[in-house]
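For reference, the structure discussed in these notes is given below.
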Ligand code: ADP
Ligand code: G6P
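Residue numbers (my numbering): 11 to 481.
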């Protein structure tokens, strides 16, 4: 996952610019304490990386290390423009307003959002810095595509500075209904910020509808058929653009002989007749508590035999200084420890829990090795893990258990769908997926694969950029 490849400086101006809180790579240190680069966590980077490799353009974002100022550089074929964040800004803008206010609020308030005025001030300040960076990098008449909840003020800030640009915005996470959104003390400023975009994209139609309703009710703008009219008479649009993955690249990676070999090793190491897999950032929106509880009960009741079945949960460390994430980690480790302590025996634990991030090839090997993939978020904008699993099942078998509350559920209808709040219902669906016959599994997987391969990341980007007015 780490590498040091870094070549010449990036060119100073670009006609296509992506602005995201994170760059595709983050600055970290290797075993020898030397600085190196590692792929940044999360679905946003997974989705955008192939697009940026295919297009000549610049990616503006934070490189993950506080208080470090870096010059633009080229990494793995992408021109990167790092934006610095101070330690205080990391605490107030990133961990605070982005991840302890907006993240929980936009995910149905599954954790309690905190509202602090100093965090808001930092959010405004950092958004201005990103807008200034974009204004400097974008060529006359160029396209700037702003990404996600951390940068909702950038579209308007940028439009004020550079009315010549075409500005797109895409929200990777859910956009909440009015009843929740209006708790935000700075709701008007956030909506005004977004209204600066020519096209505002959401994962599902409900997000776009919530947004347009707020444009009308809170900003008093005229809205009609997916359009809103700004006070100066200019128009913007909003719509649903469900994000995806580079399905072919995942399939190729899964079929690579080294991956095939690695998948075999994983199976041998797990030494089980049936392997269930969970793969997530360690985030409270992912429904990990409920999922682990469900497996605990299945093992305890004997519906799953700990000698024959194993549940492998791989959780990437995430936002580790935010309180709610610390609590989650403690809870998960307690739960797993308790279940393994009660149900395991020497040399055999029913749950294997790994708290680490892995290279993409290892992920592909895990997907190949798993009989049943269990994806049970309480709320998720899309969930790319579900699509990655499907893309890696070239053999045409395997089974996907998927929460109704993931954006992906709208597309992946042939998954065994679950309400993760209903532990008994979830247990039934996990058993149904595991117990389905091969014909049934193949039938479902064929349809899932058709959806994922015909709606891949290229189609997502092409559709959005076409609607933004880019040929
Ligand atoms: P989110 O964006 O909320 O993290 P997604 O499911 O959309 O959720 O995307 C998660 C991305 O992170 C996927 O590309 C997945 O492969 C990757 N990922 C998740 N867990 C790990 C891990 N332990 N190691 C490496 N990559 C991971
Ligand atoms: C989700 C968000 C992204 C974010 C990623 C990882 O995918 O939509 O914007 O980058 O999680 O989270 P992090 O806080 O590590 O950037």
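By construction, the Cβ of each residue, glycine as well, lies at the ideal position given by its N, Cα and C atoms.
Query	Result
Status (buried if at least 16 other CB within 10 Å, exposed otherwise) for residue 431	exposed
Lining residues of ligand 4 - beta-carbon closer than 5 Å to any non-hydrogen atom, in sequence order	Here the bound small molecules are ligand 1 and ligand 2; ligand 4 is not part of this structure.
Alpha carbon of residue 452 to alpha carbon of residue 460, nearest angstrom	12 Å
CA-to-CA distance, residue 24 to residue 66, given in whole angstroms	8 Å
Unbroken beta strand (DSSP E) run spanning residue 362, endpoints	361–365
For residue 31, the three-state DSSP class (helix, strand or coil)	strand
Length-filtered (4 minimum) alpha helix (DSSP H) runs lying within the region 273–339	298–311
For residue 85, the nearest candidate out of 78, 73, 299 (CA to CA)	73
Residue 344 burial status per 10 Å Cβ neighbour count (16 or more: buried)	exposed
Helix, strand or coil at residue 475 according to DSSP, with G and I counted as helix	helix
Residue 26 versus residue 362 - alpha carbon distance	44 Å
Near ligand 2: residue 329 beta-carbon under 7 Å from a heavy atom	yes
Nearest neighbour of residue 371, chosen from 249, 33, 269 [CA to CA]	269
Extent of the continuous beta strand (DSSP E) run through residue 90	88–92
Validate contact between the region 314–326 and the region 276–289 using beta carbons, cut 8 Å, 3 pairs	yes
Assigned secondary structure, residue 57 (DSSP; H/G/I helix, E/B strand, else coil)	helix
Residue 135: first and last residue of the uninterrupted alpha helix (DSSP H) it sits in	127–147
Secondary structure of residue 16, DSSP reduced to three states	With a pLDDT of only 45 at residue 16, under 50, the local geometry of the prediction cannot be trusted, and no value is derived from it.
Selected residue, minimal CA-CA separation from residue 282, among 161, 379, 249	379
Residue 109 CB to nearest heavy atom of ligand 2 below 7 Å	yes
Burial state of residue 364 (16 or more Cβ within 10 Å)	exposed
Distance CB(residue 376)-CB(residue 255) smaller than 8 Å	no
heavy atom of ligand 2 below 7 Å from residue 31 C-beta	yes
Residue(s) in a DSSP beta bridge with residue 258	Answer by DSSP bridge pairing: none, since residue 258 is not bridged.
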